[in-house]
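In our numbering, the protein residues as written are 7 to 177. From the three backbone atoms N, C-alpha and C, an ideal C-beta is built for every residue, glycine too. A short write-up of the structure that comes next.
Encoded structure:
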């Protein structure tokens, strides 16, 4: 509960920052240093998972990645010249392995001299393992990390070091 309230506060802070950015850039667009308004809108739209009205920003992000660029432009390039700001916006961009739901042994008991048997199982829900690439050996059937199905990319946006919104994953 604390994390979701903190995340909502950070997301709200991002919205306010970007709303101010939008007003100032529309008034003074010649002084904006970014390649496009859609690219700068990525900073606002990504933490919210690209809600309606953010199609241009999502397309701009995917286009940047396809061209081998980072998913977001430097935040400074989206600021108006002479605007000192106040908050620091950064991001983390990397790969993540998609891990399927798995049933794992939670507790074993000894059954004989060298034999152990699982007596309690636990279901681990599907999740992503950040910073990992899914590797599947077709010859042996081994998945590394265990249970992975594919590799995604992800971006986390931070305002003053605090996570703003949810992690955005895509293939």
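Is residue j closer than 8 Å to residue i when the C-beta atoms are compared?
i, j, result
"residue 80", "residue 161", "no"
"residue 135", "residue 165", "no"
Nearest by alpha-carbon distance to residue i: which of the options is it?
i, options, result
"residue 100", "108, 157, 56 and 50", "157"
"residue 71", "111, 121, 45 and 131", "45"
"residue 132", "152, 107 and 154", "107"
"residue 176", "61, 62 and 68", "68"
"residue 62", "47, 75, 73 and 76", "47"
"residue 167", "75, 120 and 92", "92"
What residues in its chain sit with their C-beta under 7 Å from that of residue i, if we drop five residues either side in the sequence?
i, result
"residue 174", "52, 55, 160 and 161"
Throw me the rounded Cβ distance for the residue i and residue j pair, which I believe falls under 8 Å.
i, j, result
"residue 42", "residue 66", "6 Å"
"residue 103", "residue 139", "6 Å"
"residue 129", "residue 109", "5 Å"
"residue 84", "residue 127", "At roughly 50 Å, the Cβ-Cβ gap does not stay under 8 Å, so residue 84 and residue 127 are not in contact."
Leaving out five residues before and five after residue i in sequence, what residues of the same chain have Cβ atoms less than 6 Å from its Cβ?
i, result
"residue 141", "150"
"residue 64", "56"
"residue 153", "105, 106 and 108"
What separation, rounded to the nearest whole angstrom, lies between the Cα atoms of residue i and residue j?
i, j, result
"residue 113", "residue 143", "29 Å"
"residue 155", "residue 111", "20 Å"
"residue 59", "residue 123", "54 Å"
"residue 119", "residue 146", "30 Å"
Near residue i, which residues of its chain fall below 8 Å by C-beta distance, leaving aside the five closest residues on each side in sequence?
i, result
"residue 137", "100, 101 and 102"
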